[in-house]
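2 protein chains.
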Amino acid sequence: MFDENTPIYLQIMDLIKQDVCSGRMSMGGKLPSVRDKAIELQVNPNTVQHAYQELESEGIVFTQRGMGTFVTEDEGKIDSVRSELAERLVRQLADGMTGLGFQRRQILRLIEEYFKNASDDVGGR
Amino acid sequence: MFDENTPIYLQIMDLIKQDVCSGRMSMGGKLPSVRDKAIELQVNPNTVQHAYQELESEGIVFTQRGMGTFVTEDEGKIDSVRSELAERLVRQLADGMTGLGFQRRQILRLIEEYFKNASDDVGGR
DNA sequence: CATAGTGTACTAACTCAATAGTACACTATC
DNA sequence: GATAGTGTACTATTGAGTTAGTACACTATG
Numbered sequence: 000m001f002d003e004n005t006p007i008y009l010q011i012m013d014l015i016k017q018d019v020c021s022g023r024m025s026m027g028g029k030l031p032s033v034r035d036k037a038i039e040l041q042v043n044p045n046t047v048q049h050a051y052q053e054l055e056s057e058g059i060v061f062t063q064r065g066m067g068t069f070v071t072e073d074e075g076k077i078d079s080v081r082s083e084l085a086e087r088l089v090r091q092l093a094d095g096m097t098g099l100g101f102q103r104r105q106i107l108r109l110i111e112e113y114f115k116n117a118s119d120d121v122g123g124r
Numbered sequence: 000m001f002d003e004n005t006p007i008y009l010q011i012m013d014l015i016k017q018d019v020c021s022g023r024m025s026m027g028g029k030l031p032s033v034r035d036k037a038i039e040l041q042v043n044p045n046t047v048q049h050a051y052q053e054l055e056s057e058g059i060v061f062t063q064r065g066m067g068t069f070v071t072e073d074e075g076k077i078d079s080v081r082s083e084l085a086e087r088l089v090r091q092l093a094d095g096m097t098g099l100g101f102q103r104r105q106i107l108r109l110i111e112e113y114f115k116n117a118s119d120d121v122g123g124r
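From first to last, the protein sequence lines stand for chains A and B. If you use numbering that gives the first Met the number 0, the first sequence corresponds to residues 0 to 124, in order. If you use numbering that gives the first Met the number 0, the second sequence corresponds to residues 0 to 124, in order.
The following block contains the structure:
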């Protein structure tokens, strides 16, 4: 389930950021409890707590003792998180592919191909 | 220099794979000694050795005791490594961006923009 | 008030990555 | 033969991440 070469708590943070940025988790919405999320992800509660705490220190969620953890209502914050993650993904791809010796046209073509195959798998257009 | 959230030896492996796949390091060519590479990367020799050993177990390099470590001369091997790395990069981008809620057109546009800005930085066309 | 669900704190143990330092075996070259 | 450069092996230490288990404080609800 998780990439074994990067800390799990960081991967959990990314998953939640994706849920927030994509709208799958709404602004002000309640996150699963630390214990429930741990069961869902097959992981130790402490690891989830670590992720939640880091997310709070980044201002993406906030907690109310005894009640739970909630998604921030600061839309600007969410926008900036989305930009950061997208930036990182694009940079990783561009730098990595360039390092491998691919040309820009090839890179774009490979991505289009990937999408094409992905839609076949799902039965899309 | 290195991403602090993934093992350094894995990142060194990727750097060398890129050098091999891009042709910056030629087939059969000699890699820097463990000690020299450690100095170049500002890292402990043991860490470089770890990377070299893993690369050898993957068949990307081979060693001759007392002489050094050399790039494989198996071109098919190099081709498959290039494919694996490219696959991984494209999948990471596509899955990550999709998870963030981006549409395919947006993704391709963002990459083109990134390249455009990159060429501005280098003064390219 | 009692209870259940929540975040939070703490200790302990284990593994892996990385560093430091030393030493040995092999090869090529002078 | 001596030397320098190479891979290799080994021990020891440090730190981070993860798990396990327990316990406490707060909130809402009955």
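The beta carbon of each residue, even a glycine, is placed where N, CA and C say it ideally should be.
Each of N43(A), F114(A), E86(A) was checked against the Cα of E111(B), and the nearest Cα belongs to E86(A).
Contact with chain A is found for F101(B), since one of that chain's Cβ atoms lies less than 8 Å from the residue's Cβ.
One finds nothing in chain A with a Cβ atom closer than 7 Å to the Cβ of S79(B); even the nearest lies about 13 Å away. The stretch 100–114 of chain B makes contact with the stretch 72–92 of chain A, as at least three CB pairs between them are under 8 Å. E72(B) and Q17(B) have their C-alpha atoms spaced approximately 16 Å apart.
With a cut-off of 8 Å on Cβ pairs, the stretch 6–22 of chain B is in contact with the stretch 52–59 of chain B, counting three or more such pairs. Closest by C-alpha distance to R23(A), out of G98(B), D78(B), E39(B), is G98(B).
The DSSP assignment places complete beta strand (DSSP E) segments of no fewer than 3 residues inside the stretch 16–80 of chain A at 60–63, 67–70, in order along the chain. Bounds of the alpha helix (DSSP H) holding F114(A) are 103–121. Taking C-alpha positions only, S25(A) is separated from G95(B) by approximately 19 Å. Per the coordinates, the alpha-carbon of S21(B) lies some 8 Å from the alpha-carbon of F101(A). A residue is called buried when at least 16 other Cβ atoms come within 10 angstroms of its Cβ; V47(B) meets this threshold and is buried. By the rule that beta-carbons nearer than 8 Å mark a contact, A93(B) touches chain A.
When DSSP states are grouped into helix, strand and coil, G95(B) belongs to the helix group. Within the same chain, no residue comes within 6 Å of N116(B) by CB-CB distance, once the 5 residues on both sides are set aside.
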